[in-house]
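Note sheet for the following structure.
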Amino acid sequence: MLTPPLLLLLPLLSALVAAAIDAPKTCSPKQFACRDQITCISKGWRCDGERDCPDGSDEAPEICPQSKAQRCQPNEHNCLGTELCVPMSRLCNGVQDCMDGSDEGPHCRELRGNCSRLGCQHHCVPTLDGPTCYCNSSFQLQADGKTCKDFDECSVYGTCSQLCTNTDGSFICGCVEGYLLQPDNRSCKAKNEPVDRPPVLLIANSQNILATYLSGAQVSTITPTSTRQTTAMDFSYANETVCWVHVGDNAAQTQLKCARMPGLKGFVDEHTINISLSLHLCVFSKSQQEMG
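Below, the structure written as C-alpha coordinates:
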(Lines of atoms letter the chains of each structure in order from A and count residues from 1; the text may use other names and numbers.)
(Lines give C-alpha, C1' and ligand atoms only; values in the text may rest on other atoms or scores of the structure.)
Protein backbone atom coordinates (compact mmCIF):
# COMPACT_ATOMS: atom_id res chain seq x y z
CA MET A 1 0.00 0.00 0.00
CA LEU A 2 1.37 3.40 -1.00
CA THR A 3 1.96 5.70 1.95
CA PRO A 4 2.10 9.44 1.15
CA PRO A 5 5.12 11.43 2.32
CA LEU A 6 4.98 12.85 5.84
CA LEU A 7 4.94 16.44 4.60
CA LEU A 8 1.84 15.64 2.54
CA LEU A 9 0.21 13.65 5.32
CA LEU A 10 0.50 16.19 8.16
CA PRO A 11 -1.57 19.00 6.58
CA LEU A 12 -4.32 16.53 5.81
CA LEU A 13 -4.24 15.16 9.34
CA SER A 14 -4.61 18.70 10.62
CA ALA A 15 -7.68 19.10 8.44
CA LEU A 16 -9.04 15.89 9.93
CA VAL A 17 -9.65 17.59 13.28
CA ALA A 18 -11.57 20.40 11.62
CA ALA A 19 -13.66 17.88 9.72
CA ALA A 20 -14.43 15.87 12.86
CA ILE A 21 -15.75 18.87 14.75
CA ASP A 22 -17.61 20.17 11.70
CA ALA A 23 -15.60 23.40 11.45
CA PRO A 24 -17.38 26.24 9.63
CA LYS A 25 -16.49 26.77 5.99
CA THR A 26 -16.51 30.57 6.39
CA CYS A 27 -14.26 32.98 8.28
CA SER A 28 -14.28 32.67 12.07
CA PRO A 29 -15.85 35.37 14.27
CA LYS A 30 -12.33 36.65 14.99
CA GLN A 31 -11.57 37.08 11.29
CA PHE A 32 -12.52 39.58 8.60
CA ALA A 33 -13.86 38.20 5.30
CA CYS A 34 -12.26 39.87 2.30
CA ARG A 35 -14.52 40.93 -0.53
CA ASP A 36 -13.23 38.06 -2.69
CA GLN A 37 -15.09 35.68 -0.32
CA ILE A 38 -11.99 33.46 -0.24
CA THR A 39 -9.44 35.20 1.97
CA CYS A 40 -9.79 35.52 5.75
CA ILE A 41 -7.58 37.87 7.76
CA SER A 42 -7.38 38.81 11.43
CA LYS A 43 -9.88 41.49 12.41
CA GLY A 44 -6.98 43.35 14.01
CA TRP A 45 -5.56 43.95 10.52
CA ARG A 46 -8.67 45.77 9.36
CA CYS A 47 -8.32 49.56 8.97
CA ASP A 48 -4.67 49.54 10.05
CA GLY A 49 -3.48 51.40 6.97
CA GLU A 50 -2.03 48.29 5.29
CA ARG A 51 -3.69 46.29 2.50
CA ASP A 52 -3.90 42.71 3.77
CA CYS A 53 -6.74 41.47 1.53
CA PRO A 54 -5.68 40.83 -2.08
CA ASP A 55 -8.37 43.29 -3.20
CA GLY A 56 -7.61 45.83 -0.47
CA SER A 57 -11.17 45.58 0.89
CA ASP A 58 -9.89 45.62 4.50
CA GLU A 59 -8.92 49.28 3.94
CA ALA A 60 -11.89 50.32 1.78
CA PRO A 61 -13.46 53.72 2.67
CA GLU A 62 -16.84 52.12 3.40
CA ILE A 63 -15.15 49.78 5.90
CA CYS A 64 -12.85 52.41 7.43
CA PRO A 65 -14.71 55.75 7.21
CA GLN A 66 -12.92 57.21 10.24
CA SER A 67 -9.47 55.84 9.48
CA LYS A 68 -6.67 58.38 9.68
CA ALA A 69 -4.11 56.01 8.22
CA GLN A 70 -1.98 57.26 5.36
CA ARG A 71 -3.56 55.83 2.22
CA CYS A 72 -1.32 57.38 -0.43
CA GLN A 73 1.97 55.90 -1.56
CA PRO A 74 5.23 57.88 -1.46
CA ASN A 75 5.29 60.77 -3.96
CA GLU A 76 1.49 60.98 -4.00
CA HIS A 77 -0.82 63.78 -2.83
CA ASN A 78 -4.07 63.08 -0.97
CA CYS A 79 -6.88 65.26 -2.33
CA LEU A 80 -8.57 67.10 0.54
CA GLY A 81 -11.49 65.25 2.15
CA THR A 82 -11.29 62.29 -0.24
CA GLU A 83 -9.52 58.95 -0.69
CA LEU A 84 -8.09 60.04 -4.06
CA CYS A 85 -4.30 60.03 -4.40
CA VAL A 86 -2.64 62.01 -7.18
CA PRO A 87 1.04 61.78 -8.21
CA MET A 88 2.93 64.83 -6.96
CA SER A 89 4.24 65.37 -10.49
CA ARG A 90 0.68 66.19 -11.60
CA LEU A 91 0.20 69.03 -9.11
CA CYS A 92 0.18 72.51 -10.63
CA ASN A 93 0.36 71.13 -14.18
CA GLY A 94 -2.69 73.07 -15.39
CA VAL A 95 -4.97 70.02 -15.30
CA GLN A 96 -7.41 69.58 -12.39
CA ASP A 97 -7.14 66.09 -10.86
CA CYS A 98 -8.75 66.62 -7.42
CA MET A 99 -12.53 67.13 -7.37
CA ASP A 100 -12.19 70.41 -5.46
CA GLY A 101 -9.34 71.66 -7.64
CA SER A 102 -6.94 71.85 -4.69
CA ASP A 103 -4.14 70.51 -6.89
CA GLU A 104 -4.36 73.65 -9.04
CA GLY A 105 -4.97 77.33 -8.28
CA PRO A 106 -3.28 80.67 -7.56
CA HIS A 107 -0.85 79.09 -5.10
CA CYS A 108 0.85 77.30 -7.98
CA ARG A 109 2.01 80.65 -9.35
CA GLU A 110 2.41 82.55 -6.10
CA LEU A 111 4.51 79.92 -4.27
CA ARG A 112 6.57 78.49 -7.12
CA GLY A 113 9.44 80.88 -6.43
CA ASN A 114 9.76 79.55 -2.88
CA CYS A 115 10.75 76.10 -4.17
CA SER A 116 14.26 77.28 -5.08
CA ARG A 117 14.92 78.18 -1.44
CA LEU A 118 13.66 74.88 -0.01
CA GLY A 119 16.67 72.81 -1.12
CA CYS A 120 14.86 69.68 -2.33
CA GLN A 121 17.13 66.85 -3.49
CA HIS A 122 14.87 65.80 -6.38
CA HIS A 123 11.77 67.90 -7.03
CA CYS A 124 9.57 70.61 -5.48
CA VAL A 125 5.95 71.60 -6.12
CA PRO A 126 3.72 74.31 -4.57
CA THR A 127 0.76 73.07 -2.49
CA LEU A 128 -1.88 74.78 -0.38
CA ASP A 129 0.36 74.08 2.63
CA GLY A 130 3.37 75.64 0.93
CA PRO A 131 6.23 74.29 -1.21
CA THR A 132 6.72 70.54 -0.79
CA CYS A 133 9.59 68.28 -1.82
CA TYR A 134 8.98 64.96 -3.55
CA CYS A 135 11.19 62.30 -5.08
CA ASN A 136 11.74 60.39 -8.29
CA SER A 137 9.85 57.16 -8.81
CA SER A 138 10.99 54.35 -6.47
CA PHE A 139 12.33 56.85 -3.91
CA GLN A 140 10.65 58.29 -0.82
CA LEU A 141 11.07 61.51 1.14
CA GLN A 142 13.04 61.32 4.37
CA ALA A 143 12.18 62.84 7.77
CA ASP A 144 14.00 66.09 6.93
CA GLY A 145 11.46 66.71 4.17
CA LYS A 146 14.22 67.34 1.60
CA THR A 147 16.39 64.30 0.92
CA CYS A 148 15.28 61.13 -0.85
CA LYS A 149 16.00 57.47 -0.16
CA ASP A 150 15.27 54.31 -2.11
CA PHE A 151 11.70 53.09 -1.48
CA ASP A 152 11.31 49.35 -0.86
CA GLU A 153 8.50 48.43 -3.26
CA CYS A 154 8.67 44.86 -1.97
CA SER A 155 7.17 46.10 1.31
CA VAL A 156 3.93 46.89 -0.53
CA TYR A 157 1.58 43.90 -0.72
CA GLY A 158 0.95 42.77 -4.29
CA THR A 159 4.02 44.31 -5.94
CA CYS A 160 5.06 40.82 -7.10
CA SER A 161 2.92 37.70 -7.07
CA GLN A 162 5.67 35.52 -5.54
CA LEU A 163 9.27 36.70 -5.07
CA CYS A 164 10.41 40.32 -4.84
CA THR A 165 13.94 41.74 -4.67
CA ASN A 166 14.38 45.43 -3.93
CA THR A 167 17.09 47.28 -5.88
CA ASP A 168 18.33 50.86 -5.81
CA GLY A 169 15.54 52.83 -7.44
CA SER A 170 13.60 49.79 -8.63
CA PHE A 171 12.67 46.16 -7.88
CA ILE A 172 12.80 42.74 -9.55
CA CYS A 173 10.06 40.11 -9.39
CA GLY A 174 10.75 36.39 -9.53
CA CYS A 175 8.99 33.05 -9.27
CA VAL A 176 9.52 29.89 -7.24
CA GLU A 177 10.56 26.63 -8.90
CA GLY A 178 7.89 25.34 -11.23
CA TYR A 179 6.60 28.78 -12.24
CA LEU A 180 7.49 31.21 -15.04
CA LEU A 181 7.55 35.02 -14.85
CA GLN A 182 4.95 36.53 -17.18
CA PRO A 183 5.41 39.42 -19.67
CA ASP A 184 4.19 41.93 -17.08
CA ASN A 185 7.34 41.06 -15.06
CA ARG A 186 5.19 40.77 -11.92
CA SER A 187 2.93 37.72 -12.08
CA CYS A 188 3.86 34.02 -12.24
CA LYS A 189 2.29 31.12 -14.07
CA ALA A 190 2.82 27.42 -13.45
CA LYS A 191 4.92 25.53 -15.97
CA ASN A 192 2.94 23.06 -18.01
CA GLU A 193 4.86 19.80 -18.34
CA PRO A 194 4.57 18.30 -20.83
CA VAL A 195 3.86 21.53 -22.70
CA ASP A 196 1.31 19.90 -25.02
CA ARG A 197 -0.86 18.72 -22.11
CA PRO A 198 -3.52 21.27 -21.10
CA PRO A 199 -3.72 22.27 -17.40
CA VAL A 200 -6.11 20.22 -15.28
CA LEU A 201 -7.95 21.17 -12.09
CA LEU A 202 -8.79 18.64 -9.37
CA ILE A 203 -12.06 19.70 -7.73
CA ALA A 204 -13.39 18.11 -4.54
CA ASN A 205 -17.04 18.50 -3.55
CA SER A 206 -19.51 16.71 -1.30
CA GLN A 207 -19.96 13.82 -3.73
CA ASN A 208 -16.77 13.19 -5.67
CA ILE A 209 -13.38 14.36 -6.85
CA LEU A 210 -13.37 15.21 -10.53
CA ALA A 211 -10.89 16.61 -13.04
CA THR A 212 -11.72 19.51 -15.35
CA TYR A 213 -9.90 21.70 -17.82
CA LEU A 214 -9.62 25.43 -17.11
CA SER A 215 -12.57 25.96 -19.44
CA GLY A 216 -14.75 23.93 -17.07
CA ALA A 217 -15.09 20.94 -19.40
CA GLN A 218 -14.65 17.61 -17.65
CA VAL A 219 -11.62 15.48 -18.54
CA SER A 220 -13.29 12.53 -20.24
CA THR A 221 -10.39 10.15 -19.60
CA ILE A 222 -10.64 10.56 -15.82
CA THR A 223 -13.69 9.02 -14.15
CA PRO A 224 -14.60 10.92 -10.94
CA THR A 225 -13.98 9.02 -7.73
CA SER A 226 -16.82 9.05 -5.20
CA THR A 227 -16.33 10.63 -1.80
CA ARG A 228 -18.33 12.25 0.96
CA GLN A 229 -18.03 15.80 2.26
CA THR A 230 -14.39 16.18 1.32
CA THR A 231 -12.94 18.92 3.54
CA ALA A 232 -9.28 18.79 2.49
CA MET A 233 -7.30 17.59 -0.50
CA ASP A 234 -3.65 17.66 -1.52
CA PHE A 235 -1.64 16.35 -4.45
CA SER A 236 1.92 14.98 -4.41
CA TYR A 237 3.51 15.71 -7.78
CA ALA A 238 6.51 13.51 -6.97
CA ASN A 239 4.33 10.43 -6.38
CA GLU A 240 1.40 11.46 -8.63
CA THR A 241 -0.83 10.80 -5.63
CA VAL A 242 -3.92 12.62 -4.44
CA CYS A 243 -5.08 12.36 -0.80
CA TRP A 244 -8.26 13.68 0.76
CA VAL A 245 -10.24 13.62 4.01
CA HIS A 246 -13.42 11.55 3.67
CA VAL A 247 -15.82 12.68 6.41
CA GLY A 248 -17.90 10.05 8.19
CA ASP A 249 -20.90 10.32 10.52
CA ASN A 250 -18.52 10.57 13.47
CA ALA A 251 -14.81 10.97 14.16
CA ALA A 252 -14.17 7.23 14.14
CA GLN A 253 -15.61 6.92 10.63
CA THR A 254 -13.67 9.84 9.20
CA GLN A 255 -10.93 8.52 6.93
CA LEU A 256 -7.87 9.64 5.05
CA LYS A 257 -7.97 8.28 1.50
CA CYS A 258 -5.30 8.30 -1.18
CA ALA A 259 -5.15 7.25 -4.83
CA ARG A 260 -2.49 7.35 -7.50
CA MET A 261 -3.06 9.28 -10.74
CA PRO A 262 -0.26 8.15 -13.08
CA GLY A 263 -0.01 10.58 -15.96
CA LEU A 264 -3.25 12.18 -14.73
CA LYS A 265 -5.11 9.47 -16.63
CA GLY A 266 -7.32 8.23 -13.81
CA PHE A 267 -7.57 7.17 -10.16
CA VAL A 268 -5.86 3.84 -9.38
CA ASP A 269 -4.71 2.00 -6.27
CA GLU A 270 -7.22 3.83 -4.06
CA HIS A 271 -6.69 2.94 -0.43
CA THR A 272 -7.99 4.03 2.96
CA ILE A 273 -6.21 4.96 6.16
CA ASN A 274 -8.62 4.61 9.10
CA ILE A 275 -7.79 7.22 11.71
CA SER A 276 -9.91 7.93 14.75
CA LEU A 277 -9.80 11.40 16.28
CA SER A 278 -7.81 10.23 19.33
CA LEU A 279 -5.26 8.40 17.19
CA HIS A 280 -4.91 11.44 14.95
CA LEU A 281 -4.18 13.73 17.88
CA CYS A 282 -1.52 11.34 19.17
CA VAL A 283 0.20 10.94 15.77
CA PHE A 284 0.02 14.64 14.94
CA SER A 285 1.39 15.69 18.34
CA LYS A 286 4.27 13.22 18.08
CA SER A 287 5.08 14.36 14.55
CA GLN A 288 5.17 17.98 15.67
CA GLN A 289 7.61 17.11 18.48
CA GLU A 290 9.89 15.22 16.10
CA MET A 291 9.87 18.07 13.57
CA GLY A 292 10.24 20.79 16.24
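Numbering (mature numbering (1 follows the signal peptide of the UniProt record, and there is no 0)) for the sequence shown: -19 to -1, 1 to 273. The C-beta atom is built at its ideal place from N, Cα and C for all residues, glycine as well.
Burial state of residue i, where buried means 16 or more other Cβ atoms lie within 10 Å
i: alanine 192; result: buried
i: lysine 238; result: buried
i: asparagine 166; result: exposed
i: tyrosine 115; result: buried
i: asparagine 56; result: buried
i: histidine 58; result: buried
i: threonine 211; result: buried
i: methionine 69; result: buried
i: valine 157; result: exposed
Straight-line Cα distance separating residue j from residue i
i: glutamate 134; j: asparagine 117; result: 13 Å
i: arginine 16; j: glycine 25; result: 17 Å
i: serine 201; j: tyrosine 218; result: 21 Å
i: lysine 170; j: proline 112; result: 45 Å
i: leucine 126; j: aspartate 215; result: In the sequence on display, residue 126 carries glycine and not leucine. Their backbone Cα atoms lie some 52 Å apart in a straight line.
i: valine 228; j: serine 187; result: 9 Å
i: glutamine 77; j: valine 223; result: 58 Å
i: cysteine 129; j: asparagine 95; result: 19 Å
i: aspartate 84; j: proline 164; result: 35 Å
i: alanine 124; j: histidine 104; result: 16 Å
i: phenylalanine 13; j: aspartate 110; result: 37 Å
Distance between beta carbons of residue j and residue i, contact taken as under 8 Å
i: glutamate 221; j: proline 243; result: 5 Å
i: leucine 161; j: cysteine 154; result: That belief does not hold up - the Cβ atoms of leucine 161 and cysteine 154 are roughly 12 Å apart, past 8 Å.
Opening and closing residue of the beta strand (DSSP E) in which residue i lies
i: tyrosine 194; result: 189 to 194
i: threonine 128; result: Counting along the chain, threonine 128 falls outside any beta strand (DSSP E), and DSSP gives it neither H nor E.
i: valine 106; result: 104 to 108
i: phenylalanine 139; result: Note on identity: in this sequence residue 139 is glycine, with phenylalanine being the wrong assignment. Here glycine 139 belongs to no beta strand (DSSP E), and DSSP marks it neither H nor E.
i: proline 112; result: 111 to 115
i: leucine 122; result: 120 to 122
i: alanine 171; result: 169 to 171
Quick one: complete beta strand (DSSP E) runs, 3+ long, within the segment 213 to 261? Counting only runs of 3 or more, we get 214 to 217, 222 to 227, 236 to 241, 249 to 255.
To test your reading of the DSSP string, which unbroken beta strand (DSSP E) runs of 3 or more residues are found completely within the segment 27 to 93? Every beta strand (DSSP E) stretch that sits fully inside the segment 27 to 93 and reaches 3 residues is listed by chain position as 57 to 59, 66 to 68.
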